[in-house]
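If you read the sequence shown in numbering that gives the first Met the number 0, its first letter stands for residue 0, the second for the next number, and so on.
Even for Gly, the Cβ is constructed at its ideal location relative to N, Cα and C.
Scroll down for the structure; my scribbles are underneath it.
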Amino acid sequence: MKIVLTILMSMFLFSVPFISSHIETNNNLHLSIVCGSNKNGYIDIDRGNQKVKYYFPYRFGKGGKGMTDLSNVVFSYRKETLMMVYKTTSETIFKIKCNRGEFEVINSFLRTINKQIIDSKPTE
């Protein structure tokens with residue numbers, strides 16, 4: 000029983016955050032992020048003020064909260080993983096699981112503000 004409980008807990012503790020849903024309005028794209036057992040975060044991309052705001056209550060790996068100008072970051076997509084990286088330092092801000100459908104929604108939204116995601120493997 001202890002082994003099963005340990006395995007289940009480690010699955011939640013070490014699971015990678017993923018996009019569970021999105022809501023798009025005229026100027027905003029809100030992505031709901033699941034970060035583990037009953038822990039949710041978000042990514043808000045604002046077309047009006049050109050900012051991205053994020054919050055992840057994630058214990059291990061990349062997590063945290065912050066806000067930055069879209070001009071300071073680059074988005075990258077590879078092997079069902081979406082990353083946001085600072086242009087100047089190449090530091091990864093966050094890395095989350097993202098299916099191809101969510102990727103298309105995010106990329107379409109970013110294209111409306113002359114920004115897009117670098118898609119490393121478009122055929123994956």
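Member of the options whose CA lies at the smallest distance from the CA of residue i
{"i": "valine 51", "options": "Met83, Ser36, His21, Arg99", "result": "Met83"}
{"i": "glycine 63", "options": "Pro16, Lys96, Ser75", "result": "Pro16"}
{"i": "lysine 78", "options": "Phe108, Arg99, Asn48, Thr24", "result": "Arg99"}
{"i": "tyrosine 53", "options": "Gly35, Leu30, Gly47, Arg46", "result": "Leu30"}
{"i": "serine 119", "options": "Ile105, Lys86, Phe108, Thr80", "result": "Thr80"}
For residue i: DSSP bridge partner residues
{"i": "phenylalanine 17", "result": "Val33, Lys96"}
{"i": "glycine 63", "result": "Phe55"}
{"i": "serine 75", "result": "Met82, Ile117"}
{"i": "asparagine 27", "result": "Asp45"}
{"i": "threonine 91", "result": "Val84"}
{"i": "asparagine 39", "result": "Val33"}
{"i": "isoleucine 22", "result": "His29"}
8 angstroms contact criterion, which residue i and residue j should meet: CB distance rounded
{"i": "phenylalanine 102", "j": "isoleucine 116", "result": "7 angstroms"}
{"i": "phenylalanine 55", "j": "isoleucine 18", "result": "About 12 angstroms; that fails the 8 angstroms criterion."}
{"i": "serine 75", "j": "glutamine 49", "result": "Their Cβ separation, rounded to whole angstroms, is 19 angstroms, which puts serine 75 and glutamine 49 out of contact at 8 angstroms."}
{"i": "asparagine 25", "j": "isoleucine 44", "result": "Actually they do not touch by this definition, with Cβ atoms about 13 angstroms apart."}
{"i": "valine 72", "j": "lysine 94", "result": "Incorrect: roughly 13 angstroms between the Cβ atoms, too far for contact."}
Outcome for residue i when other beta-carbon atoms lying within 10 angstroms are tallied against a minimum of 16
{"i": "glycine 65", "result": "exposed"}
{"i": "glycine 35", "result": "buried"}
{"i": "phenylalanine 59", "result": "In this prediction, phenylalanine 59 has a pLDDT of 47, which is less than 50 and means its spatial position is unreliable; nothing more can be read from the coordinates."}
{"i": "glycine 47", "result": "exposed"}
{"i": "serine 9", "result": "With a pLDDT of 45 at serine 9, under the threshold of 50, the modelled position of this residue cannot be trusted; read the value that follows with caution. Classification for serine 9: exposed."}
{"i": "isoleucine 22", "result": "exposed"}
{"i": "isoleucine 6", "result": "Legend: pLDDT at isoleucine 6 = 44, less than 50; position of this residue unreliable, no value from coordinates given."}
C-beta neighbour in chain C for residue i, strict 8 angstroms
{"i": "asparagine 26", "result": "In the structure shown, chain C does not exist; there is a single protein chain."}
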